[in-house]
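For the sequence shown, the numbering used here gives the first residue as 3, with consecutive numbering after it. Just so you know, even glycine gets a beta-carbon here, dropped at the ideal spot from N, CA and C. All remarks here apply to the structure that follows.
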Amino acid sequence: ILGFGAAMALLAALLPRFARLFIERERREIEVAQFARSMFASRGLGRTRGRLGVLILLSLLERRVVIHADEGFDSRVNPEDWQHIVARMTFLLHRGHPAGALRSGVQALLALLLERGFLGPEELADLLPSAPVALEKGR
Numbered sequence: 003i004l005g006f007g008a009a010m011a012l013l014a015a016l017l018p019r020f021a022r023l024f025i026e027r028e029r030r031e032i033e034v035a036q037f038a039r040s041m042f043a044s045r046g047l048g049r050t051r052g053r054l055g056v057l058i059l060l061s062l063l064e065r066r067v068v069i070h071a072d073e074g075f076d077s078r079v080n081p082e083d084w085q086h087i088v089a090r091m092t093f094l095l096h097r098g099h100p101a102g103a104l105r106s107g108v109q110a111l112l113a114l115l116l117e118r119g120f121l122g123p124e125e126l127a128d129l130l131p132s133a134p135v136a137l138e139k140g141r
């Protein structure tokens with residue numbers, strides 16, 4: 003029995019697809035959303051001028067995408083707008099293209115912000131950090 007358990011643990015550690023079998027879907031969604039809120043707060047994104055911070059989180063293990071946007075967007079961006087971007091990114095992520103998912107999400111986000119009047123073209127150059135933050139399994 004111990005050998006079987008050890009083999010299952012090893013498979014779960016080496017194969018994300020196998021590991022997902024042991025985590026309920028609802029639990030995965032809750033964990034990823036909670037982690038996104040934590041990252042948003044720890045990175046100080048809630049302290050931006052106009053409360054216009056946005057975090058895009060891709061979780062490779064759970065194969066989930068979360069966009070956490072601050073309250074400054076509420077007047078001009080609907081939850082459906084964010085969900086449309088998430089759906090587009092999730093489609094690519096599920097097909098094994100995390101870089102493409104992130105690129106697509108950032109492009110869609112920038113287009114949405116321009117369309118809704120949050121940004122002018124001259125402000126785009128300094129908007130994004132020089133590189134995404136990548137965290138390993140242990141977070």
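Relative to the Cα of H96, the nearest Cα in the group E73, E64, S40 and G5 belongs to E64. H86 is classed as exposed because its beta carbon has fewer than 16 other beta carbons within 10 Å across all chains shown. With a threshold of 16 other beta carbon atoms within 10 Å, G119 falls short and is exposed.
Taking 7 Å as the cut-off, the beta carbon of L57 is found no closer than this to the beta carbon of D72. With respect to F93, H70 sits apart: the two C-beta atoms are not nearer than 7 Å.
Look at S44 here: in three-state DSSP terms it is helix. Rounded to whole angstroms, the Cβ separation of V68 and A35 is 6 Å, and the two are in contact under 8 Å.
In the DSSP annotation of this structure, R66 is not part of any alpha helix (DSSP H); the continuous beta strand (DSSP E) holding it starts and ends at R66 to A71. In this structure, V79 is the residue among V79, R39, R49 and G98 with its C-alpha nearest to the C-alpha of L115. Check the Cα spacing between L62 and each of V135, P100 and V108: the tightest is with P100. Where S106 is concerned, the enclosing alpha helix (DSSP H) starts and stops at P100 to E117. Within the DSSP secondary-structure output, I58 pairs in a beta bridge with I69.
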